[in-house]
Structures are given as structure tokens and as C-alpha cells.
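> Here the sequence shown is numbered in the working numbering, starting from 3 and rising by one per residue.
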Amino acid sequence: MTVDARVTVMTLAPGQSIPAHRHSQVTDTTFCLAGLAAVHFLDPDERVRLTTGERAVVAPGRVHSVANIGTIPCRLLLVQGPGHYDFSAGLSPAQPVYPRL
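1) Check each candidate in Gly55, Val60, Gln27 and name the one with the smallest Cα separation from Gly85.
2) Classify Ser90: buried if its beta carbon has 16 or more other beta carbons within 10 angstroms, exposed otherwise.
3) Thinking C-alpha only, which one of Ala15, Asp6, Leu44, Asp30 is nearest Gly92?
4) Have a look at Pro46 and Ser19 and give me their C-alpha separation to the nearest angstrom.
5) Look at the alpha carbon of Arg51 and the alpha carbon of Ala58, and state the distance between them as a whole number of angstroms.
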């Protein structure tokens, strides 16, 4: 069995965000490397504030967004897996999921 995982480092400018989305199969773990971020979960509504060294874990299928809520660039480490990666934009867990090509 092969375990798939994606690891990405990204920088969000102050006020920049990753819009609401979900992944059907992978756990999405976000580590804050620098700055100040917020992970907003939907259904149920929940917000988690991340400072340097903190993390948030998003279960498969849970709709969420990530934003830089600070005044300096926010650097994030995203670990997504194990499992097949997909990305479904939108707010409803009932919306179909399409694999990212």
C-alpha cells in the first residue's frame, strides 16, 4: 500500500486567505511557522487562532478556510494526508468533490 501525502510551505500576506474548501479523504494539518493565522471551520462554526509553533488539524470532509489575521506575512506549513488529495471549493459538505489535476 502506498501512502500519499502533500507537504507545502506557503506565505499569506496580511489579509490574504485560502477560501472555504474541503478535502474528502485527507487530514489537513496546518502549522504556523511565522505570523498570525486563523482557521475557520464551518458546520459547526469554529475559529482557531494560530501563532508561531501552533497547529490546527482538519478532518477529512470538514469545510474550512485559512487567513492571515496579522500585520506581517504569515508562513504556513501544510501537511495533507495520508490518502488521495482533492480540493472542493465551497461551503456545503454536500457539494461534489473533484480531484485536483
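Beta carbons: idealized from backbone N, C-alpha and C, even for Gly.
Taking the coordinates as given:
1) Translated into the one-based positions of the sequence shown, residue 85 becomes position 83. Cα-wise, what sits closest to Gly85 is Gln27.
2) Locating residue 90 in the sequence shown gives position 88, counting from the first residue. Buried.
3) Here residue 92 refers to the residue found at position 90 when the sequence shown is read from its first residue. Per the Cα distances, Leu44.
4) Translated into the one-based positions of the sequence shown, residue 46 becomes position 44. Translated into the one-based positions of the sequence shown, residue 19 becomes position 17. For Pro46 and Ser19, the distance between alpha carbons rounds to 20 angstroms.
5) Against the sequence shown, residue 51 aligns to sequence position 49. Against the sequence shown, residue 58 aligns to sequence position 56. Between Arg51 and Ala58, the C-alpha separation is close to 9 angstroms.
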